[in-house]
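Residues in the sequence shown are numbered consecutively from 11, following this note's numbering.
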Amino acid sequence: MLTFEQKLEIIQSFPQLIRKDVSLKRVNFQYEESQSDKKNVVYHLHPNGNGFVYAKGIKGYKTDDKGMVNIREFGEDELRGLINKSIEILGREYEIETSTEEFEEERWANDEGHSLHVVLEDDMWNVYAGKNLDGTFPSYNEAKQYLMEEGFRKRYY
Numbered sequence: 011m012l013t014f015e016q017k018l019e020i021i022q023s024f025p026q027l028i029r030k031d032v033s034l035k036r037v038n039f040q041y042e043e044s045q046s047d048k049k050n051v052v053y054h055l056h057p058n059g060n061g062f063v064y065a066k067g068i069k070g071y072k073t074d075d076k077g078m079v080n081i082r083e084f085g086e087d088e089l090r091g092l093i094n095k096s097i098e099i100l101g102r103e104y105e106i107e108t109s110t111e112e113f114e115e116e117r118w119a120n121d122e123g124h125s126l127h128v129v130l131e132d133d134m135w136n137v138y139a140g141k142n143l144d145g146t147f148p149s150y151n152e153a154k155q156y157l158m159e160e161g162f163r164k165r166y167y
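Set out below in structure tokens:
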């Protein structure tokens, strides 16, 4: 297990992350270029070595309800790899659909092969899993945000 200082050194080697000191001597590291509302890559890193890294949508990691993975027992390579993947996920740019007149349907898929469809119906953006309604949103951006947080990416086929 890495010490707090070792974890800090590894995390601070990522120049795109900004350190934010929080309560109880804990530290967050944020990715300001995130294309998502999520900014925290490292959350509540504590002097006892406990802390979390955002990993929602990253294959091979079981996340909590906030999309975080506990990094207490991580080694250097695993920590670096996860932070790289987290920055990549949060930094992905997604095309924003601006014209609703031409919009028919979009297909989004995750790394596990599941797909969802976004359909504009009666001025609302509906997300379907097959024939089942998964969610309804007042704007495309809110539907897009939901899909991104769930680990889905827009597919162009």
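Glycine residues also receive a C-beta, built at the ideal position from the N, C-alpha and C atoms.
Keep in mind that this is a model prediction, so the values were computed, not measured.
Would you tell me roughly how many angstroms separate the C-alpha atoms of residue i and residue j, rounded to the nearest one?
i: VAL32; j: VAL51; result: 14 Å
i: MET11; j: VAL37; result: 18 Å
i: ILE99; j: ASP132; result: 32 Å
i: GLU159; j: GLN40; result: 16 Å
i: SER102; j: GLY145; result: In the sequence on display, residue 102 carries Arg and not Ser. If you take the alpha carbons of ARG102 and GLY145, they lie about 23 Å apart.
i: LYS95; j: GLU114; result: 32 Å
i: LEU157; j: LEU18; result: 31 Å
i: ASN120; j: PHE162; result: 4 Å
i: ILE106; j: SER44; result: With a pLDDT of only 48 at ILE106, under 50, the local geometry of the prediction cannot be trusted, and the value read off the model is given with reservation. Spanning the two alpha carbons is a distance of roughly 15 Å.
i: GLU15; j: LEU55; result: 10 Å
i: TYR64; j: PRO57; result: 19 Å
i: PHE62; j: ASN80; result: 5 Å
i: GLY91; j: LYS66; result: 14 Å
i: SER46; j: THR13; result: 30 Å
i: GLU88; j: SER23; result: 15 Å
i: ILE93; j: SER149; result: 31 Å
According to DSSP, is residue i part of a helix, a strand, or is it coil?
i: TYR156; result: helix
i: PHE162; result: coil
i: ILE68; result: coil
i: GLN26; result: coil
i: ASN60; result: coil
i: GLN45; result: coil
i: LEU55; result: strand
i: PHE84; result: coil
i: PHE14; result: helix
Just to confirm my understanding: we take residue i, look at its own chain, exclude 5 residues before and 5 after, and list those with CB closer than 6 Å. What are they?
i: ASN60; result: ARG82
i: ILE68; result: LYS95
i: PHE147; result: TRP135, ALA153
i: ILE21; result: PHE39, VAL52
Classify residue i: buried if its beta carbon has 16 or more other beta carbons within 10 angstroms, exposed otherwise.
i: GLU152; result: exposed
i: MET78; result: buried
i: LEU34; result: exposed
i: LYS72; result: exposed
i: GLU86; result: exposed
i: GLU122; result: exposed
Take residue i and list the residues in its own chain whose beta-carbon comes closer than 7 Å to its own, dropping the five residues that flank it on each side.
i: TYR138; result: LEU126, HIS127, VAL129, ASP144
i: GLN26; result: TYR41, GLU43, ILE97
i: LYS49; result: GLN40, TYR41, GLU42
Quiz item: What residue ranges within the region 86-143 form continuous beta strand (DSSP E) runs of no fewer than 3 residues, ordered along the chain?
Solution: Taking only runs of at least 3 residues, the beta strand (DSSP E) segments lying wholly in the region 86-143 are 115-119, 125-131, 134-139.
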